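Report on the structure given below.
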Amino acid sequence: MNYFIETIGCQMNMCESDKLGLALSTYGASKVNILQEANIVILNTCSVRAQSEQKAFSFLGRAEEFKQDNPNTKIVVIGCMAERIGSKIKRRFKSVDLIVGSKDIDNAALKIADLCNLYDSSFNKIEDSQNIVRYVTIMRGCDNYCSYCVVPFVRGRETSLNALDILKESSLLVKNGVKEIMLLGQNVNSYRYKDFNFTSLVKNLATINGLERIRFMTNHPKDLSDELIEMMATESKVCSHIHLPMQSASNKILKAMNRKYSYEHYIDLVKKLRIAVPDISITTDIIVGFPGETKEDFEETFKAVKEIRFGGLYVFRYSPRPNTKAANMPDNVPLEEKKRRHRLILEESNKISIEIVASMVGSVQQVLAEKIENGVIEARTRGGRKVFVKGSSEKDLGRHLNVSIKEAKINSLFGNII
Ligand code: 5AD
Ligand code: SF4
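If you want it as structure tokens, here you go:
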């Protein structure tokens, strides 16, 4: 049996797709990268934006077409949309065989195995070729109820997973060759399990021999503690990167978004982080065109982007999501204006990114070699930038390399091993 898995959305979804793939391989199924070669087509969905849901519908249209000529194919939809509008999907796409919502995601492999008559064959080799970097989920759900966000409704209440299980899972991964762990949660800063908070969890992980790097996401500015900033400064395994969604720099809009911090607080965190970790790359998320966002509010956000000089950012046009508080606020920024604001932020951020990467040409960066393709190593700096390295080989996988940066493009650097 071959399975194809399409993943839409955040790192959490990537992680869940990876885990599902691993579980399916223990049932003897093999992963394929082309839909037409699959007997099981799986779609992992996202509900955060209307656009992500549109993407899922068009993928299902293609999968359904394929199934018409290959009626034995099974189509499975998992994740946030499956949770939110599973029955609607089933009504619209009659060929879908199985729906597994995000709250039930741990049972997805078992359900797929039942559907496709896969049998547990633990003797099967688990295919997991280039496994230098792995995601580890430490929390589920979210309790923050940002007024625009559908996540608390589809993923449910925030729960922190057992710290001892996380440590065990991570040790096992490292024993199997993993060098970098990315900890995932909607708001890792509010992690709490018995005596563990997020900082102590990371400190314990850092004691695992053979683990070289730790990253984490996502952070919430209202919960990011001085203790964590201090730990980032002192713990050498923790990477110099933080994703800290700002969303807006207008205090009026932040309040309407229910973000529970002010712009002044955000800037204060940026300053503290840069003092504690001088080479840190701070990345962010921004929403433009939130209900009530005036030109002046937008100007504040634009100015902040210019001044803070993020290492990278994602900018989204606001779209109302069902059940959220903001969906009852008049969505009063015209689409054309949302597009304009989106373009302005993107252009400014691209300009800054190009300046940042250009300033890295000529420097030596310590990178971790993650993958090899056609003889070129794909690696990452401590700040999270992708570097393509010449003059390296398979034996360098999983190693730290010192690379002299020769060329820079907006999303990647190119260099030679020294
Ligand atoms: N409209 C636009 N962007 C959104 N995001 C979340 N909900 C919405 C929405 N309704 C963005 C936020 C969040 C990121 C994952 O997606 O910026 O940080
Ligand atoms: Fe959504 Fe806010 Fe929770 Fe992030 S913190 S998942 S934006 S509700």
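Numbering-wise (the working numbering), the sequence shown opens with residue 183 and increments by one. All residues carry an ideal CB built from backbone N, CA and C; glycine is no exception. In this text the structure is predicted, and so the values were computed from the model without any measurement.
Sufficient close CB pairs (3 or more, under 8 Å) joining the stretch 280-287 to the stretch 517-533: no
Environment of the ligand SF4 in chain order, Cβ to heavy atom below 6 Å: 324, 326, 327, 328, 331, 333, 334, 368, 369, 402
So, are the CB atoms of residue 263 and residue 219 less than 8 Å apart? no
Does the beta-carbon distance from residue 527 to residue 497 come in below 8 Å? yes
Residue 425 and residue 483 look like a contact to me (Cβ under 8 Å); what is the Cβ gap, rounded to whole Å? About 17 Å; that fails the 8 Å criterion.
Give me the DSSP bridge partner(s) of residue 317. 364
Using a Cβ-Cβ distance cut-off of 8 Å, determine whether residue 332 contacts chain D. In the displayed structure, chain D is absent; only one protein chain is listed.
Heavy atom of the ligand 5AD within 7 Å of residue 192 beta-carbon: yes
For residue 600, count neighbouring Cβ atoms within 10 angstroms of its own Cβ and tell me buried if that reaches 16, exposed if not. exposed
Cα-Cα separation between residue 575 and residue 583, rounded to whole angstroms: 11 Å
Any idea if residue 308 is buried or exposed, counting beta-carbon neighbours within 10 angstroms, 16 or more meaning buried? Here the model assigns residue 308 a pLDDT of 40, short of 50, so the residue's position is not dependable and the matter cannot be decided.
Starting from residue 598, follow its DSSP beta bridges and name the residues at the other end. 572, 586
Give the DSSP-derived three-state secondary structure of residue 307 in the structure shown. Interpretation of residue 307 is limited by its pLDDT of 42, a score under 50 that renders its predicted location unreliable; the figure taken from the coordinates is listed afterwards. It is coil, neither helix nor strand.
Just mark residue 512 as buried or exposed, buried being the case when its beta carbon has 16 or more other beta carbons within 10 Å. exposed
Could you check how far apart the C-beta atoms of residue 228 and residue 271 are, in whole angstroms? I think they sit under 8 Å. Rounded, the Cβ-Cβ distance is 13 Å, inconsistent with contact.
Return the CA-CA distance between residue 404 and residue 460, expressed in angstroms with no decimal places. 22 Å
Do you know whose CA, among 561, 568, 430, 489, lies nearest residue 168's CA? Since the displayed the chain opens at 183 and closes at 600, residue 168 lies outside it and no answer follows.
What whole-angstrom Cβ distance do residue 470 and residue 530 have, given they're in contact under 8 Å? Contact doesn't hold; Cβ gap of about 12 Å is too wide.
Could you name the residues of the same chain whose beta carbon sits closer than 6 Å to that of residue 443, not counting the 5 residues immediately before and after it, in chain order? 403, 404
Once DSSP output is grouped into helix, strand and coil, what is the label at residue 342? strand
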